[in-house]
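Undergrad: Which chain is which? The protein sequence lines are A and B, in order. So for the first sequence, the numbering used here puts the first residue at 1; every next one is plus one. So for the second sequence, the numbering used here puts the first residue at 1001; every next one is plus one.
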Amino acid sequence: MSRLLTLVLAGRILASAGWTDVTKVAGLAAFRNPQGSPAKDYIVESIGGGCAWIDYDRDGRLDALLVRGSTLTRLKQGGDPVIALYRNRGGGAFEDVTVKAGLVARGWGMGVAVADYDNDGWPDFVVTGLTRSYLFHNEGNGAFTERAVAAGVARQGVWSAGAAFGDIDLDGKLDLYVAGYVDVNPAALPSRGSSAACIYKDAAVFCGPRGMKPAADALFHNQGTAFRDVSRESGIAAESPAMFGLQPLIADFDGDGRPDIFVANDSTPNYLFRNEGHLRFREVGIGAGVAVNMDGRAQASMGADFADYDGDGLPDLALTNFSEDTNTLYRNLGQGLFEDASWTSKFGPPSWLLLGWGVKLFDYDLDGRLDIVVANGHVYPEADRFRGGSSYGQRLLLHRALGGGRFGEIGSADNVLRVPMNARGLATGDFDNDGDLDLLINNQDGPPRLLRNDRSPDTHWLEVALTGSISNRDGVGAVVTVHRASGRSTAVRLAGDSYLSSSDPRLHFGLGTSGEPAAVEVRWPAGRVQTAASVHPDQVIRMEEPGTGR
Amino acid sequence: MIVVVHALFALAQSVTPGLAELERMFNRGEMEQGREAARQLAADPNATASALLALGRLLGTSKEFLLAEEAFQRASRLNPGAFEAHFNLGLTRFQMRNFATAIAPLETAASLRPRAFEPNYLLGVTLNEAGRKADAIRCLRSAAEINPRHPRLLALLGALYAGEGYSLDAVEVLEQARAIDPGQLPVSLLLIQALHDSFDFEHALRLASETAGRFKTSADAQFRLAVELETAGRFDEARDTLTAALAIDARHPEAMVALGRMQAREGRPAEAIANFRAVLAAQPGNALARIEAAKAYLALKQFAAARDILAPIEAQRDPTLHWLLSIIHAAEGDQTRAATHRNRFLELSSALAGGMGNTPGRRPRRYGQ
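#1: Report yes or no: do three or more beta-carbon pairs, one from the segment 46-57 of chain A and one from the segment 421-437 of chain A, lie closer than 8 angstroms?
#2: Based on the DSSP output, what are the partners of Asp-573 of chain A in its beta bridges?
#3: Ignoring anything shorter than 3 residues or poking outside the segment 181-249 of chain A, list the beta strand (DSSP E) runs there in chain order.
#4: Please state if the CB of Ala-113 of chain A and the CB of Val-126 of chain A are separated by a distance shorter than 7 angstroms.
#5: Leaving aside the five residues before and after Gly-1355 of chain B along the sequence, list all residues of the same chain whose C-beta is less than 7 angstroms from its C-beta, in chain order.
#6: Are the Cβ atoms of Ala-161 of chain A and Ala-154 of chain A separated by less than 7 angstroms?
#7: Do you know how far the Cα of Gly-1233 of chain B is from the Cα of Ser-412 of chain A?
#8: Would you kindly report the start and end of the unbroken beta strand (DSSP E) that includes Asn-443 of chain A?
#9: Use the C-beta contact count for His-536 of chain A: other C-beta atoms within 10 angstroms, 16 or more gives buried, fewer gives exposed.
#10: Considering only residues of the same chain and omitting the five flanking positions on each side of Asp-1181 of chain B, which have a CB-CB separation below 8 angstroms?
#11: Is there a C-beta anywhere in chain B that falls below 7 angstroms from the one on Tyr-271 of chain A?
#12: Taking only runs of the beta strand (DSSP E) that begin and end inside the segment 89-165 of chain A, which ones reach a length of at least 3 residues, in chain order?
#13: Determine the DSSP secondary structure at Gln-1176 of chain B, reduced to helix, strand or coil.
#14: What number of angstroms, rounded off, separates the C-alpha of Pro-546 of chain A from the C-alpha of Asp-120 of chain A?
#15: Kindly indicate the opening and closing residues of the beta strand (DSSP E) around Trp-524 of chain A.
#16: Suppose the cutoff is 8 angstroms on Cβ atoms and the five residues either side in sequence are ignored; what does the same chain contact list for Leu-1280 of chain B look like?
#17: Answer yes or no: does any C-beta atom of chain B fall closer than 7 angstroms to that of Glu-239 of chain A?
#18: As a quick exercise: from A:Ser-191, A:Gly-527 and A:Gly-107, pick the residue whose alpha carbon is nearest that of Gln-77 of chain A.
#19: Does DSSP put Asn-556 of chain A in a helix, in a strand, or in coil?
#20: Name the residue from A:Pro-381, A:Leu-361, A:Leu-279 and A:Thr-131 whose alpha carbon lies nearest to the alpha carbon of Asp-41 of chain A.
#21: Quick one: which chain A residues come within Cβ less than 8 angstroms of Glu-1254 of chain B?
#22: Under 7 angstroms, do Val-263 of chain A and Ala-218 of chain A count as touching if we go by C-beta distance?
#23: Output needed in chain order: residues of the segment 457-491 of chain A with a Cβ under 8 angstroms from some Cβ in chain B.
#24: Identify every residue that forms a DSSP beta bridge with Pro-81 of chain A.
#25: Got a sec: is the Cβ-Cβ distance from Leu-7 of chain A to anything in chain B below 7 angstroms?
#26: With 7 angstroms as the threshold, decide whether the Cβ of Pro-448 of chain A is near any Cβ in chain B.
#27: For Leu-1321 of chain B and Thr-1108 of chain B, I'd like the C-alpha separation in whole angstroms.
#28: On the CB-based measure, 16 or more other CB atoms within 10 Å of its CB, does Val-99 of chain A come out buried or exposed?
#29: Is it the case that the Cβ atoms of Phe-1345 of chain B and Pro-1312 of chain B are separated by a distance below 7 angstroms?
#30: What is the rounded straight-line gap between the Cα of Ile-250 of chain A and the Cα of Ser-1167 of chain B?
#31: Quick check: Asp-436 of chain A and Leu-279 of chain A, are their CB atoms within less than 7 angstroms of each other?
#32: Just how far apart, CA to CA, sit Thr-1016 of chain B and Leu-1106 of chain B?
#33: State the Cα-Cα distance for the pair Phe-281 of chain A and Arg-61 of chain A, rounded to the nearest angstrom.
#34: Between the segment 1220-1254 of chain B and chain C, which residues of the former have CB atoms less than 8 angstroms from a CB of the latter, in chain order?
#35: For Gln-1222 of chain B, which residues from the same chain have a beta carbon less than 6 angstroms from its beta carbon, with the 5 sequence-adjacent residues on both sides left out?
#36: What does a CB cutoff of less than 6 angstroms around Ser-1014 of chain B pick up in its chain, not counting 5 residues either side in sequence?
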């Protein structure tokens, strides 16, 4: 064997378990997410944008969506194209098909949520924005049409942040929740340092969100091809004052079979709208224990994810927050009650100096336990001025599950993960179909990052792809449990999570090193429980909901 | 220092034969007779200003402040240009803790000798005691121009700057005070706080570490280090340092509350409650200890105990308090009161100042700008 070949093989072996930054080789490095001025004079320049994985052409390979912002100057001329679509050509390479796909709408993009809202088998997506939102319908021929106005979800003049799809009335059609952030006029924004709400430590910074008026959230009920705004009649808008909403999650938080709505609110208490049936909701965040952290303080909640980190079958809630504060992990106690386990789990303390956005619970090392990744980056460039505190560019956090509901942070020891970024959106997805979850991260102003995860070859995995028939076609809201001799893992199919992002529609499970067959159980949103026994590992298993009648 | 000043003026004056006898009376312990003789001397219509000054000084050194005040007051009226009369009148009233009435004669004394350190310094100290912080800073700055290396002046000026939000000015003068006398723990503690308030957490932590090492037997120094370690996110070290502080002073209230909070976070609410209860036994009005204790009771699902411990502070405008009361009332089935406190909590939380997150922001302030 030649020396060169030996080195190449050694390199492959070294890369076989760990992270590799493949942004450039994948062809994503040219993308930019402009978010106003580098000085960040206004709050509108600090929040976006999201990213998503979508198999828009159904070729079995995940394609990448990256939301693009703009600048205040360019917004006056209509702004920038709000989204970029990169088609996965296989072999680790992507191509920019944005224009070819008809994704030419302009504005100032914020977030993205992916789902097949019209059940035609082709994934669509919504992009939220500073001055309106966009609904891109997948025509099934490689192109999209923008239908937000006709569908009634454009939210003209409203700054919308995160969005999430979920079937709130279990009629088989996906409804849409959009979080409103701040009520602003981009042409008349308050100048930095102009009030007490525009001071960070002792530095004059952009104003808000405190001291500004929140924008209202909206709940849209799916009528088939269009949506109806049911915010008021559902109790969402009527029962609780508007807060600075960033990321909603639609999932069954109390185990009663009905999807509830959680909203991560920035610098104000979070909301949990309990689904009481008949399109009625009641806000129960305080009683459920998720409105504020265990100190009783409203945190600057940014991103959110909902997955079962402790293996008790109940999905738990992870939130990202501001610097000089901890990220929060709410353990699900059952019956709609949660307790703040940020300190006992050791998830919170490592985040103290970091400002978190995207967050995903995922089993990066396939050991059967969910780890947690958090994308970070400060909102104020002035953060670098304060010695011994936070910084503007920040590394990723990777909390490795140690068992017993505890985590150890390992990101600081990894050359790829510890590169400082100004990250916002984060989505997990197995873009190279090798059985592990990779990371797509959208950064402010700079290029994105695509981090390829190369699992250890002795580990095993399973991915579950859902197709609903009575339930919504994507199976959003389904709960999938994988049982094996060494334990069980539970995952919830979400469509809009992390921070302004959407992840791999397939639910991913690490199975450790045993390679034993597993049993897969799907609890569909419509209520039916379906089981597949003796499923061999290392495959994508497609579960189709039995029956018809949507 | 003030007594020294008193004695200084006393030595500079001649003593009349009547005063000599009066001094002997006080020395012999014949206090009532001495006071009566002093009253007669003070009332003598022929007494000169200098005689009254001498009498006042003798009475002052004998701690007969009321009589001394009377003598100095008459002396100042007889000779309005006599610096010593005004200064000693102000000094006597200061010693009697009549700060408000001490200000006028000290202002007169300072105006008569604007380049003298003592009247400016004492006036600054007195204004501070009277609660006139801004005026105190102005006077102490004048005094510091005359004597820029007076450690107690610098310490007081630093504390005043810090209290008024001029934390950068506080850092400057406290660093000077510490350079002159690094053995003064209060100065180091003030400086650490000023650095913290200036958001120079790195420097604050370094100094806190040095101070805790220098003053190993001071619970305050250990506690301050724990605060800075927690600010830096070094929570395990902070817990160990709080434990060290309590090993020195088992009843250090701030350390007990801080350690209790950590114990509660780490899933040990019963231990936390013991700490909070101990603090409340000594300080029943400690609202922070009550709120933290209530949180710990909630973790144990002891709702009645949580409600009872919050009862004395139920009217306060603290969002955390109303969050707790909402949970407690909901758990006890009183949904109406739960809803009232929930709405109060949302209202107070929404009205919090600051931009984003929970890091308090302050406008950059420099004295005089």
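Don't be surprised by glycine CBs; every beta carbon is placed ideally from N, CA and C.
TA: The relevant details are as follows:
#1: yes
#2: Shown here, chain A extends from 1 to 550; a query on residue 573 of chain A therefore has no answer.
#3: 218-222 and 227-229
#4: yes
#5: Gly-1361
#6: no
#7: 15 angstroms
#8: 438-443
#9: exposed
#10: Pro-1151 and Val-1187
#11: no
#12: 93-96, 109-115, 124-129, 134-138 and 144-146
#13: helix
#14: 18 angstroms
#15: That residue, Trp-524 of chain A, is in no beta strand (DSSP E); it is neither H nor E in DSSP.
#16: Asn-1286, Ala-1289, Arg-1290, Ala-1293 and Ile-1309
#17: no
#18: A:Gly-107
#19: Any answer about residue 556 of chain A is impossible in this case: the structure gives chain A only from 1 up to 550.
#20: A:Pro-381
#21: Going along chain A, no residue has its Cβ under 8 angstroms from Glu-1254 of chain B, so there is no contact; the nearest lies around 17 angstroms.
#22: no
#23: none
#24: A:Arg-106
#25: Any reading at Leu-7 of chain A needs caution, since the residue's pLDDT is 37, under 50, leaving its predicted position unreliable; the model's value is listed next. Output row for Leu-7 of chain A: interface = no.
#26: no
#27: 50 angstroms
#28: exposed
#29: no
#30: 47 angstroms
#31: no
#32: In this predicted model, Thr-1016 of chain B has a pLDDT of only 49, less than 50, meaning its place in the structure is not dependable; the value taken from the coordinates is given anyway. Straight-line Cα distance between these residues: approximately 27 angstroms.
#33: 38 angstroms
#34: Annotation note: the requested chain C is absent from the structure, which comprises protein chains A and B.
#35: Ala-1212, Thr-1241, Ala-1244 and Ala-1245
#36: Confidence at Ser-1014 of chain B is low in this model, with a pLDDT of 40, below 50, so the placement of that residue should be treated as unreliable; the coordinate-derived value is given next. Taken in chain order, the list of residues that qualify is empty.
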